[in-house]
Amino acid sequence: MPEIQRREFFKGAAAAAIGVGALSGAPAAADLAGHRPPIATTPGGRDFPKVGGNLGNQNYSALDDLHRGNVRKLGAAWVNRIEGGLTTGTNQSTTVAVDGVLYIESAPGNVFAVDGRTGVTKWVYRQTRGTLTRRGVAVGDGKVFTHANGSWIIALDQETGAVAWEKQITEYGSLEKVAIVHHDGRLYLSTADGDRGAGLAVDANTGELLWHFWGIPGPGEFGNDTWEGESWAEGGATPWIHPAIDPDLGLAYWTFGNARGSRSSQDGSERGGTNLFANSLVAIDLATGEYRWHFQSVHHDIWDMDNVMAPVLADVRIHGRPRKVVIYGSKTGMYYILDRENGSAPLGIDERPVPQEPRQKTWPTQPFPRQGPWTETTVVDQPLGTAIPGDPNRAVPHYARGSLFTPHWDVPVLSIPGHGGGADWSHQSFSHRTGCVYTGFGYVAAAHSLTESSNGLRPPGEYQTGGIVAVDVRTNQVRWKKRMPYSLAHGNGILTSAGGLLFIGQPDGYLLCLDADDGRELWRFQCGAAISSSPILYEVDGEQYVAVYAGGTGLPYGNSAPRGDFLWAFKLGGRVAPAPVPPPPVVRRPVSGAPVDGSAVRDTVIIGRTYDPATGGIGATESTAVNAMAPTHLRIPVGTAVTFTNHAGNAGTRGATQFFEGLFDVRLAPGESYTHTFTGKGEYFFNDPASPRSTGKIEVV
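Encoded structure:
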């Protein structure tokens with residue numbers, strides 16, 4: 001199957017870039033010198049007009065009244081429970097601020113306009129087509145733009161919330177979830193959750209489709225021959241997040257998601273090739289929707305390691321030369337810093353050999369920035385009984401251990417950062433003041449094999465934590481990194497400011513302010529629910545405000561992440577009290593079953609069998625499934641002796657290894673038992689050495 005050679009590709013990409021200005025009407029980059037500042041990378045001031053702040057998704061504000069010297073005086077100016085006190089749902093929407101009004105979508109999908117000075121709701125649009133995950137509206141041309149179930153795009157009157165127009169677009173995947181981008185009379189939309197996904201441009205005044213760009217090229221199109229046979233037709237590559245726009249270059253930058261196969265995203269056996277434009281950043285002509293250049297960060301992905309982030313644009317000096325760059329990358333824990341005119345790599349990216357699995361048709365090399373990753377990429381085999389929780393990359397016992405790009409087949413291979421780790425889809429921030437790009441990230445190891453459903457197993461019992469990292473865009477080197485108690489990889493956006501501050505929300509409801517220079521914590525405030533959105537900075541009547549929406553989502557902590565509908569605004573001297581502290585998220589990955597009282601099963605766990613909580617019955621056949629402990633979750637009082645038994649009907653040796661305290665590690669022949677007395681309160685996970693996926697928990701109360 002023919003593939004695109006990297007050296008030849010860059011020649012073609014550079015040649016294509018020369019014609020961008022002529023095709024789009026945009027001036028050449030050199031013509032911008034000494035004239036108006038570049039549109040995409042000029043930071044906002046009194047407004048924060050879109051998700052990402054500006055067209056370059058920099059999440060940076062030029063406002064500087066709030067700074068390190070006075071941030072401790074920051075307090076809540078107001079709070080609006082926009083849905084009247086809702087405590088359920090999925091909230092991934094970031095608010096925007098235009099002319100002193102905040103616009104936000106709630107978990108049910110309603111749109112609210114809120115006075116940015118007083119917190120009073122000005123109007124509400126209540127959707128009628130069912131709940132839908134949202135990530136943010138667009139505002140422009142006197143309208144507010146939102147989504148609805150059934151692939152609808154809806155334009156609302158900016159002053160009243162009345163419906164101006166509605167348009168259903170169903171031919172390109174499911175039009176939902178992703179934040180909308182408005183620029184120059186157009187909307188840029190992304191589809192998701194389909195066999196193929198696309199980026200779309202539509203007329204902001206009518207909803208008329210102007211052009212589309214498929215994440216997977218069709219027959220006869222550039223890149224289609226990177227898919228084996230007909231695998232392109234259901235290969236995924238959906239754009240899960242909004243693009244960046246550079247009007248001066250006439251380009252939109254979209255990131256397209258993981259490749260999928262007929263069975264799961266972990267199976268590459270029937271889709272040989274690099275699988276373009278999955279796992280790629282693609283530069284697309286704003287005027288026509290035509291391909292200009294691309295960079296693929298993971299070839300032939302079998303790990304769901306797509307770097308689907310909102311690309312960040314920046315103008316920096318590299319090796320003494322001014323460069324217009326796009327910063328791309330997240331799940332792999334590496335930044336791919338590319339020239340946004342032609343896709344070249346000013347700091348160097350090398351194709352390096354990686355381990356192979358012929359049955360998976362793995363690609364022989366993967367791209368690595370010469371500066372290396374900004375987080376660890378290999379799990380740690382830390383001995384049981386040592387520090388708890390220990391290294392954030394420590395492996396759950398007995399799994400085959402691997403690194404980024406270690407292939408798999410029918411045995412689960414545990415690797416890091418994992419498809420739910422790295423930076424995933426958190427909104428990142430580029431600071432004009434420091435020259436760094438900042439991201440929240442997660443340590444969420446994942447086990448991949450064809451025995452796993454969907455996109456891999458996050459082992460029960462593992463700690464899911466994270467951190468914040470600052471990377472100097474001029475060198476692609478880490479300036480500082482700070483470990484945090486929670487994963488910050490799922491919508492936990494960062495705001496930086498000219499005042500030298502960094503704001504980020506956590507899944508425990510706290511909004512934090514750090515020193516952007518070194519990561520030192522300066523301030524925190526309890527917002528009442530998990531924060532899965534980006535803070536923003538805006539100004540009304542000469543006063544500057546920080547705002548954030550605290551609503552919560554299930555990634556990666558499930559229903560343990562506290563939910564709410566708190567829209568907060570903060571200013572110097574604000575006096576509104578913090579919200580009550582909610583129960584914190586459960587950091588360890590849970591087992592698959594609900595708690596069972598020990599007395600109901602005679603304080604006994606049967607290894608290698610499933611459990612029916614409705615009847616108390618034990619599975620009739622041996623199992624190696626995740627829930628092959630009967631029961632998986634046993635609740636007992638302190639001082640209880642628990643018996644672990646390898647079912648007599650099992651075929652061979654099974655066992656129980658308690659982690660990470662290392663209280664016991666036993667192997668049992670069929671019919672054999674082991675008893676352990678639990679003397680301290682806590683939760684004690686254990687798995688089976690013969691099948692580490694099979695995991696249980698003893699909860700001692």
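All residue numbers in the sequence shown are consecutive under the working numbering, ending with 701.
For each residue, glycine too, the CB sits at the ideal point set by N, CA and C.
Owing to the predicted nature of the structure, the values given are computational and were not obtained by experimental measurement.
- Item | Secondary structure of Arg724, DSSP reduced to three states | Beyond the ends of the chain as shown, which are 1 and 701, falls residue 724; an answer cannot be given.
- Just how far apart, CA to CA, sit Gly199 and Ile169? Residue numbering aside, residue 199 sits at position 199 when the sequence shown is read from its first letter. Residue numbering aside, residue 169 sits at position 169 when the sequence shown is read from its first letter. Roughly 12 angstroms separates the two Cα atoms.
- Specify the secondary structure class of Ala179 as computed by DSSP and reduced to three states. Here residue 179 refers to the residue found at position 179 when the sequence shown is read from its first residue. In the structure shown, the three-state DSSP call for Ala179 is coil.
- Message: Taking only three categories from DSSP, how would you classify Lys306?
- Response: For the purposes of this step, residue 306 is taken as the residue at position 306 of the sequence shown. Note on identity: in this sequence residue 306 is Asp, with Lys being the wrong assignment. Three-state DSSP puts Asp306 in coil, outside helix and strand.
- Task: With a 10 Å radius around its C-beta and 16 neighbouring C-beta atoms as the bar for buried, classify Glu171 as buried or exposed.
- Result: Sequence index remark: in the sequence shown, residue 171 carries index 171 (1-based). With fewer than 16 other Cβ atoms within 10 Å, it is exposed.
- Query: How big is the Cα-Cα spacing for Phe664 and Gly435?
  - Reply: Locating residue 664 in the sequence shown gives position 664, where the first residue counts as 1. Locating residue 435 in the sequence shown gives position 435, where the first residue counts as 1. Near 50 angstroms, if we compare the C-alpha coordinates of Gly435 and Phe664.
- Just to confirm, are Thr465 and Arg693 a CB contact at a threshold of 9 angstroms? Locating residue 465 in the sequence shown gives position 465, where the first residue counts as 1. Locating residue 693 in the sequence shown gives position 693, where the first residue counts as 1. With respect to the 9 angstroms criterion, Thr465 and Arg693 are not classified as neighbours on the basis of their beta carbons.
- Message: Please state the DSSP three-state secondary structure of Pro358.
- Response: Looking up residue 358 in the sequence shown gives position 358. Here Pro358 carries a helix assignment [DSSP, helix/strand/coil].
- Over what stretch of residues does the beta strand (DSSP E) that includes Glu105 continue unbroken? What you label residue 105 is simply residue 105 of the sequence shown in a count that begins at 1. Secondary structure note for Glu105: its beta strand (DSSP E) is the uninterrupted segment Val101 to Glu105.
- Give the straight-line distance between the Cα atoms of Ile39 and Asp350, rounded to the nearest whole angstrom. In the sequence shown, the residue the question calls residue 39 occupies position 39. In the sequence shown, the residue the question calls residue 350 occupies position 350. Answer to the nearest angstrom: the Cα atoms are 32 angstroms apart.
- Query: Start and end of the beta strand (DSSP E) containing Cys734?
  - Reply: Because the chain is modelled from 1 through 701, residue 734 falls outside the range shown and cannot be assessed.
- Item | Residue burial classification, Ser691 (beta-carbon count within 10 angstroms, cutoff 16) | Position 691 of the sequence shown holds residue 691. It is buried - the Cβ of Ser691 has at least 16 other Cβ atoms within 10 Å.
- Query: Cβ-heavy atom distance between Arg196 and the ligand PLP below 8 angstroms?
  - Reply: Among the ligands in the structure shown, none appear at all, so the ligand PLP cannot be discussed.
- Would you kindly check if the distance between the Cβ of Asn91 and the Cβ of Tyr708 is under 9 angstroms? Residue 708 lies beyond the range of the chain shown here (1 to 701); nothing can be said about it.
- Task: Measure from the alpha carbon of Ile241 to the alpha carbon of each residue in Ile698, Glu661, Gly215 and Glu221, then state which is nearest.
- Result: Residue 241 sits at position 241 when you count from the first residue of the sequence shown. Comparing alpha-carbon positions, the option among Ile698, Glu661, Gly215 and Glu221 lying closest to Ile241 turns out to be Gly215.
- Close beta carbons around Gly390, own chain, < 6 angstroms, minus the five adjacent residues each side: For the purposes of this step, residue 390 is taken as the residue at position 390 of the sequence shown. The residues are Gln382.
- Query: Can you check whether the CB of Ser61 is closer than 9 angstroms to the CB of Leu502?
  - Reply: Looking up residue 502 in the sequence shown gives position 502. Looking up residue 61 in the sequence shown gives position 61. Cβ distance not < 9 angstroms, so Leu502 and Ser61 don't count as in contact.
- Proximal residues to Ser673 (C-beta, below 6 angstroms), its chain only, five neighbours per side dropped: Residue numbering aside, residue 673 sits at position 673 when the sequence shown is read from its first letter. Answer for Ser673: Thr643 and Thr645, listed in chain order.
- Identify every residue that forms a DSSP beta bridge with Ala259. For this step, residue 259 is matched to residue 259 along the sequence shown. The partner list for Ala259 (beta bridge, DSSP) reads Gly236.
- Item | Backbone secondary structure at Lys122 - three-state DSSP | To locate residue 122, count along the sequence shown from 1; it is residue 122. Assignment of Lys122 by DSSP, reduced to helix, strand and coil, places it in the strand class.
- Query: For Thr439 versus Ile468, is the C-beta distance shorter than 9 angstroms?
  - Reply: One-based indexing of the sequence shown puts residue 439 at position 439. One-based indexing of the sequence shown puts residue 468 at position 468. It is a contact, given that the beta carbons lie within the stated cut-off.
- Message: On the CB-based measure, 16 or more other CB atoms within 10 Å of its CB, does His419 come out buried or exposed?
- Response: Position 419 of the sequence shown, counting from 1, holds the residue named residue 419. Around the beta carbon of His419, a 10 Å sphere encloses 16 or more other beta carbons of the protein chains shown; the residue is thus reported as buried.
- Query: For the putative contact between Ala395 and Val379, defined by C-beta atoms under 8 angstroms, what is the C-beta separation to the nearest angstrom?
  - Reply: Residue mapping note: residue 395 aligns to position 395 of the sequence shown, counting from 1. Residue mapping note: residue 379 aligns to position 379 of the sequence shown, counting from 1. About 4 angstroms; that satisfies the 8 angstroms criterion.
- Query: Between Pro49, Leu74, Thr624 and Asp65, which lies nearest to Leu511 when the distance is taken from Cα to Cα?
  - Reply: Residue mapping note: residue 511 aligns to position 511 of the sequence shown, counting from 1. Selected option, being the one with the closest Cα: Leu74.
- Query: Pro43: buried (16+ other C-beta within 10 angstroms of its C-beta) or exposed?
  - Reply: Taking the sequence shown and counting its residues from 1, the one referred to as residue 43 is at position 43. Pro43 counts as buried, since no fewer than 16 other beta carbons sit within 10 angstroms of its beta carbon.
- Which residue comes first and which comes last in the beta strand (DSSP E) that contains Ile388? By one-based count along the sequence shown, residue 388 stands at place 388. According to the DSSP assignment, Ile388 belongs to no beta strand (DSSP E), since it is labelled neither H nor E.
- Task: Report all residues from its chain with a CB closer than 8 angstroms to the CB of Trp409; omit the five preceding and five following residues, and keep chain order.
- Result: Residue 409 sits at position 409 when you count from the first residue of the sequence shown. So the qualifying residues of the chain are Glu357, Arg359, Gln360, Ser449 and Leu450.
- Item | Residue range of the unbroken beta strand (DSSP E) whose run includes Gln366 | Mapped onto the sequence shown, residue 366 falls at position 366. It spans Thr365 to Pro369 - the beta strand (DSSP E) in which Gln366 sits, taken as one unbroken run.
- Query: Hey, how far is the Cα of Gly564 from the Cα of Pro507?
  - Reply: Residue 564 sits at position 564 when you count from the first residue of the sequence shown. Residue 507 sits at position 507 when you count from the first residue of the sequence shown. Rounded to the nearest whole angstrom, the C-alpha separation of Gly564 and Pro507 is 12 angstroms.
- Message: Please state the DSSP three-state secondary structure of Gly21.
- Response: In the sequence shown, the residue the question calls residue 21 occupies position 21. Legend: pLDDT at Gly21 = 28, less than 50; position of this residue unreliable, value from coordinates given subsequently. Gly21 falls in the helix class under three-state DSSP.
- CB His490 to CB Pro556, shorter than 9 angstroms? Reading the sequence shown from its first residue, position 490 is the one you call residue 490. Reading the sequence shown from its first residue, position 556 is the one you call residue 556. Using a Cβ distance threshold of 9 angstroms, His490 and Pro556 count as a contacting pair.
- Between Asp315, Arg458 and Ala244, which lies nearest to Asn57 when the distance is taken from Cα to Cα? Numbered from 1 along the sequence shown, position 57 holds the residue referred to as residue 57. The option with the nearest alpha carbon to Asn57 is Ala244.
- Under the rule that 16 or more other beta-carbon atoms within 10 Å means buried, what is Ser231, buried or exposed? Indexing the sequence shown from 1 puts residue 231 at position 231. By the Cβ-count criterion, Ser231 is buried, with 16 or more other Cβ atoms from all chains shown falling within 10 Å of its own Cβ.
- Would you report the Cα separation of Ile531 and Thr675, rounded to the nearest angstrom? Reading the sequence shown from its first residue, position 531 is the one you call residue 531. Reading the sequence shown from its first residue, position 675 is the one you call residue 675. Each residue's alpha carbon lies about 43 angstroms from the other.
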